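Asks: Can you read through this structure? Questions will come right after.
Protein chains: 2
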Amino acid sequence: MPVNLAAPDPASLHPVAGVSLGIASAGIKKPGRRDITLIELAAGSKVAGVFTQNRFCAAPVTVCRQHLESGSIRALVINTGNANAGTGEEGIRRARQTCAAVAKMFGIAAEQVLPFSTGVILEPLPVDKILPALPAAKTDLSASHWSEAAHAIMTTDIVAKAASVQTRIGGRTVTVTGIAKGSGMIHPNMATMLGYVATDAAVSQAVLSQMVKEVADVSFNCVTVDGDTSTNDSFILIATGQAGNAEIADAASADCAALKAALSEVSIKLAQAMARDGEGATKFMTVQIERGRDHAECKQIAYAIARSPLVKTAFFASDPNLGRILAAIGYAGVMDLDVNAIQVYLGEVLVAEKGGRAASYTEAQGAAVMKEAEITIRVILNRGDANATVWTCDFSYDYVKINAEYRT
Amino acid sequence: MPVNLAAPDPASLHPVAGVSLGIASAGIKKPGRRDITLIELAAGSKVAGVFTQNRFCAAPVTVCRQHLESGSIRALVINTGNANAGTGEEGIRRARQTCAAVAKMFGIAAEQVLPFSTGVILEPLPVDKILPALPAAKTDLSASHWSEAAHAIMTTDIVAKAASVQTRIGGRTVTVTGIAKGSGMIHPNMATMLGYVATDAAVSQAVLSQMVKEVADVSFNCVTVDGDTSTNDSFILIATGQAGNAEIADAASADCAALKAALSEVSIKLAQAMARDGEGATKFMTVQIERGRDHAECKQIAYAIARSPLVKTAFFASDPNLGRILAAIGYAGVMDLDVNAIQVYLGEVLVAEKGGRAASYTEAQGAAVMKEAEITIRVILNRGDANATVWTCDFSYDYVKINAEYRT
Chain A
141 MPVNLAAPDP ASLHPVAGVS LGIASAGIKK PGRRDITLIE LAAGSKVAGV FTQNRFCAAP
201 VTVCRQHLES GSIRALVINT GNANAGTGEE GIRRARQTCA AVAKMFGIAA EQVLPFSTGV
261 ILEPLPVDKI LPALPAAKTD LSASHWSEAA HAIMTTDIVA KAASVQTRIG GRTVTVTGIA
321 KGSGMIHPNM ATMLGYVATD AAVSQAVLSQ MVKEVADVSF NCVTVDGDTS TNDSFILIAT
381 GQAGNAEIAD AASADCAALK AALSEVSIKL AQAMARDGEG ATKFMTVQIE RGRDHAECKQ
441 IAYAIARSPL VKTAFFASDP NLGRILAAIG YAGVMDLDVN AIQVYLGEVL VAEKGGRAAS
501 YTEAQGAAVM KEAEITIRVI LNRGDANATV WTCDFSYDYV KINAEYRT
Chain B
141 MPVNLAAPDP ASLHPVAGVS LGIASAGIKK PGRRDITLIE LAAGSKVAGV FTQNRFCAAP
201 VTVCRQHLES GSIRALVINT GNANAGTGEE GIRRARQTCA AVAKMFGIAA EQVLPFSTGV
261 ILEPLPVDKI LPALPAAKTD LSASHWSEAA HAIMTTDIVA KAASVQTRIG GRTVTVTGIA
321 KGSGMIHPNM ATMLGYVATD AAVSQAVLSQ MVKEVADVSF NCVTVDGDTS TNDSFILIAT
381 GQAGNAEIAD AASADCAALK AALSEVSIKL AQAMARDGEG ATKFMTVQIE RGRDHAECKQ
441 IAYAIARSPL VKTAFFASDP NLGRILAAIG YAGVMDLDVN AIQVYLGEVL VAEKGGRAAS
501 YTEAQGAAVM KEAEITIRVI LNRGDANATV WTCDFSYDYV KINAEYRT
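Here's what the structure looks like:
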């Protein structure tokens with residue numbers, strides 16, 4: 141069951157001027173399933189994205205990268221039920237065919253459309269089902285369909301993921317609203333993390349392109365469920381420029397910082413929702429590494445802990461098995477680490493220092509923290525000023541069940 | 141249940157001239173459990189070892205490294221039930237105390253004793269129980285106690301692991317016999333991989349020290365269960381020099397190659413036994429990467445597949461879910477990989493090529509291979525002459541059960 145996660149109230153999701161969303165059913169995997177989402181952007185919108193580093197990247201990822209280079213994106217089309225991954229040249233052709241059909245409906249160029257797919261991989265994309273459903277998605281377009289879109293892009297997610305904030309920038313109210321799907325960097329059968337965050341703020345393409353990486357680094361790149369990386373992972377930032385603020389073109393400006401904070405807030409909520417909805421999750425874990433030499437080594441240690449099956453099964457069992465945390469720190473690959481200088485906290489409890497269990501620590505203290513549904517592991521390296529945070533979930537019987545039975 | 145693995149027939153384990161083994165019960169964790177193993181080596185024996193790369197290495201590992209530098213090792217002492225890891229300076233002191241007690245019994249220096257511990261970590265080593273049990277272990281010393289020792293060093297292993305071969309080198313019969321414990325590079329609560337392989341061959345210290353790394357690289361370093369690395373992992377090669385062959389001092393000689401082959405054969409059997417006895421294992425998997433640019437990239441891809449929880453749960457379910465294998469290849473971190481050039485075989489069946497499913501592949505073919513208890517995944521990179529092999533097991537409900545309940 142998802143940990144402290146409920147579907148968002150649709151009324152809490154502010155429309156973003158210049159963004160309309162439409163849903164339709166193509167029956168790709170199941171008849172009647174609302175599996176097509178169309179997002180139309182007003183002329184002048186800026187778009188930037190980051191994508192999976194997987195070498196077996198899906199056809200739509202390849203097409204997205206190409207189309208983003210040409211600029212002036214006006215529409216996004218997302219299907220669930222089929223990932224269009226591991227489909228070779230024919231997969232690229234079909235992704236382009238989908239873009240062309242969307243472009244024709246809107247009277248734009250195919251290069252102005254970004255395609256996204258999530259679902260089973262190694263199966264041909266059923267364009268014969270997708271293309272006929274597009275007009276219904278266009279008819280459904282509405283600025284208030286964020287919640288519907290959050291549901292339509294789900295695959296094995298239990299809870300729909302959406303978040304929205306408003307802030308003041310340059311004397312104007314600026315809105316940021318986003319949706320996402322997935323349970324960490326990956327879900328069963330590579331069913332992909334997708335994230336879409338839109339704002340009506342005016343921002344230059346250069347700043348937006350830089351911002352998408354920075355926002356991803358503090359949100360979607362901080363979450364893991366099982367360490368696997370999907371073929372289709374995509375995160376897209378959209379800025380329609382309709383809020384009336386002076387265009388943010390200076391990455392060092394206060395306006396830029398304010399916008400980045402709002403985009404990060406929404407993206408972090410979405411990213412955390414993925415770990416809370418991780419497969420079989422019973423606990424939400426925050427792994428926080430502090431006072432490291434640089435961010436990279438902090439992240440390396442955070443991921444070693446967050447990915448360790450031994451740590452994750454211990455948290456599932458509510459067992460304060462500290463040795464597994466220490467061992468994960470030790471094998472993270474930071475070879476000059478002085479383990480005697482490290483402190484480890486479970487929640488507020490100091491559990492380890494000087495290379496072993498803290499003298500003040502009692503098993504009862506650890507057991508009390510482990511009963512919580514949300515637990516923070518803090519590791520203080522005491523050798524610098526850098527830090528890193530990773531969110532994850534525990535590892536339960538249901539993880540094995542969900543993944544063993546996914547295709548049956 | 142272990143996959144095609146039975147405890148070795150004690151009669152199949154040839155004694156190694158110059159090596160005696162004695163067992164005793166110290167009642168470290170459970171009263172009556174035979175938990176102390178003493179190995180005495182004849183004067184003139186050469187010893188070399190490789191140890192965990194974990195920064196939180198256990199006290200006995202630190203002491204072993206120091207004592208191996210001083211040379212002329214004459215005894216090994218191994219306890220189960222307590223890992224003496226995460227125990228700080230006091231742990232080092234207690235490991236040395238154990239060595240001193242063994243040394244006194246044999247009239248040798250403490251630096252001539254190597255200590256090993258495996259079991260629960262973060263608990264003080266109970267020297268008050270270990271020291272009184274040492275005389276009984278000495279009384280029990282016998283050249284024919286290899287099988288007893290294999291049983292005494294087990295922790296959560298289901299099956300004892302031992303292997304033995306004889307070969308001709310320099311006109312003499314040379315024996316190689318070894319024992320090991322563990323289920324891959326790690327077992328519950330860091331309970332460690334330990335391996336001890338002895339030969340009566342005469343070999344120089346320099347050649348033996350090089351050989352221990354080379355043999356580890358083709359055996360114990362090719363196995364993974366869950367990707368975690370223990371604080372205590374140790375692999376020790378012993379050469380007593382009593383076979384009567386001319387001392388092997390040339391690493392390029394035919395005699396050296398023959399000895400290495402025999403040592404590797406025994407070590408590979410022991411390493412494979414760990415994956416066969418992996419926690420909750422129902423399948424033994426061989427991941428074989430061929431025609432890569434170098435060994436490092438082959439190993440990287442092999443481990444990405446062998447460590448993927450998604451791949452391992454699919455094998456548990458006997459589901460030929462090829463997408464998960466392709467995705468693991470894709471995220472292994474070999475960034476210039478041309479996925480369109482790769483072929484993937486499941487057993488003898490070509491399942492993927494040209495970036496997607498092979499045209500000739502049928503689900504029935506994949507399902508037939510997946511029914512086997514031992515399965516080979518072959519990935520042909522087609523970009524060089526290097527290769528690498530990794531052995532692992534699948535990921536079942538029982539893995540979670542064993543690890544969630546370890547301390548309860």
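These protein sequence lines map, in sequence, to chains A and B. The working numbering numbers the first residue of the first sequence as 141 and each following residue consecutively. The working numbering numbers the first residue of the second sequence as 141 and each following residue consecutively. Think of the CB as a built atom: it goes at the ideal place given N, C-alpha and C, for glycine as much as any other residue. Values in this document were obtained by computation on a predicted structure and should not be read as measured data.
1) According to DSSP, is T296(B) helix, strand or coil?
2) State yes or no: is the C-beta of I445(B) within less than 9 Å of the C-beta of A481(B)?
3) Please return the same chain residues whose Cβ sits closer than 7 Å to the Cβ of K278(A), not counting the five positions on each side in sequence.
4) Is the beta carbon of H154(A) closer than 9 Å to that of T317(A)?
5) Beta-carbon of A467(B) versus every beta-carbon of chain A: anything under 9 Å?
6) Could you check if G432(A) is buried or exposed, using at least 16 other CB atoms within 10 Å of its CB as the buried criterion?
7) Which residues of chain B have a Cβ atom closer than 8 Å to the Cβ of N144(A), listed in chain order?
8) Please confirm whether M425(B) has its beta-carbon closer than 9 Å to some beta-carbon of chain A.
9) Report all residues from its chain with a CB closer than 8 Å to the CB of E503(A); omit the five preceding and five following residues, and keep chain order.
10) Which full runs of the beta strand (DSSP E) of 3+ residues lie inside the region 483 to 511 of chain B, going along the chain?
11) Where does V187(B) sit, in a helix, a strand or coil, going by DSSP?
12) Count the other CB atoms, across all protein chains shown, that sit within 10 Å of the CB of P308(A); report buried if there are 16 or more and exposed otherwise.
13) Which of the three DSSP states is assigned to R431(A) in this structure?
14) So S212(A) contacts chain B; which residues on that side make the cut at Cβ distance below 9 Å?
15) Reducing DSSP to helix, strand and coil, say where N372(A) ends up.
16) Run through the DSSP bridge pairs and tell me what S257(A) is partnered with.
17) So, does the CB of P255(B) fall closer than 9 Å to a CB anywhere in chain A?
18) Using the Cβ count rule (16 or more neighbours within 10 Å means buried), how would you classify G506(B)?
19) Start and end of the alpha helix (DSSP H) containing K244(A)?
20) Helix, strand or coil for V519(A)? Go by DSSP, reduced to three states.
21) Are the C-beta of Q483(B) and some C-beta of chain A separated by less than 9 Å?
22) Measuring straight from C-alpha to C-alpha, what distance separates V190(A) and T371(A)?
23) Anything in chain A within Cβ reach of T529(B), meaning under 9 Å, just list it in chain order.
24) Measuring CB to CB, does G540(A) end up less than 9 Å from V540(B)?
25) Smallest Cα separation from A198(B): which of L466(B), D534(B), A235(B)?
26) Find the nearest neighbour of D373(B) within the set I218(B), S393(B), R464(B), judged by alpha-carbon distance.
27) Run the CB neighbour count on Q306(B), radius 10 Å, all protein chains shown included, and call it buried at 16 or more, exposed below.
28) With the cut-off set at 9 Å, would you say A389(B) and V355(B) are in Cβ contact?
29) Helix, strand or coil for A157(B)? Go by DSSP, reduced to three states.
30) If you pair each beta-carbon of the region 522 to 529 of chain A with each one of the region 261 to 271 of chain B, do three or more pairs fall below 8 Å?
31) Per DSSP, G162(B) forms a beta bridge with which residues?
32) State the CB to CB distance for the pair E419(A) and D280(A), rounded to an integer number of angstroms; the pair is presumed to be in contact (CB under 8 Å).
33) Can you find the residues in the same chain that come closer than 8 Å, C-beta to C-beta, to R173(B), ignoring five residues on each side of it along the sequence?
34) Anyone know if the C-beta pair for A273(A) and V253(A) falls short of 9 Å?
35) Since V203(A) meets chain C, which of its residues come closer than 9 Å, beta carbon to beta carbon?
36) Please report whether the beta-carbon of S536(B) lies at a distance below 9 Å from any beta-carbon of chain A.
Replies: In short:
1) coil
2) no
3) G162, L178, M245
4) yes
5) yes
6) buried
7) In chain order: nothing, as chain B lies at least about 22 Å away.
8) no
9) P460
10) 483 to 486, 489 to 493
11) Looking at V187(B) - three-state DSSP - the assignment turns out to be strand.
12) The amino acid at residue 308(A) is misidentified as Pro; the sequence shows Arg. Exposed.
13) Strand.
14) Chain order gives no chain B residues near S212(A), where near means a beta carbon separation below 9 Å; the closest approach is about 30 Å.
15) coil
16) Answer by DSSP bridge pairing, in chain order: N219(A).
17) no
18) buried
19) 228 to 246
20) strand
21) no
22) 13 Å
23) Within 9 Å Cβ-Cβ: nothing; T529(B) doesn't reach chain A, min ~21 Å.
24) Going by the sequence as given, residue 540(A) is Val instead of Gly. Yes, Cβ-Cβ distance for V540(A) and V540(B) is below 9 Å.
25) The residue among L466(B), D534(B), A235(B) with its C-alpha nearest the C-alpha of A198(B) is A235(B).
26) I218(B)
27) exposed
28) no
29) coil
30) no
31) Answer is L178(B).
32) Actually they do not touch by this definition, with Cβ atoms about 31 Å apart.
33) S165, G167, T220, G221
34) Against a cut-off of 9 Å, the Cβ pair of V253(A) and A273(A) comes out as no contact.
35) Among the chains of the structure shown, chain C does not appear; the protein chains present are A and B.
36) Answer yes: the Cβ-Cβ gap between S536(B) and chain A drops below 9 Å somewhere.
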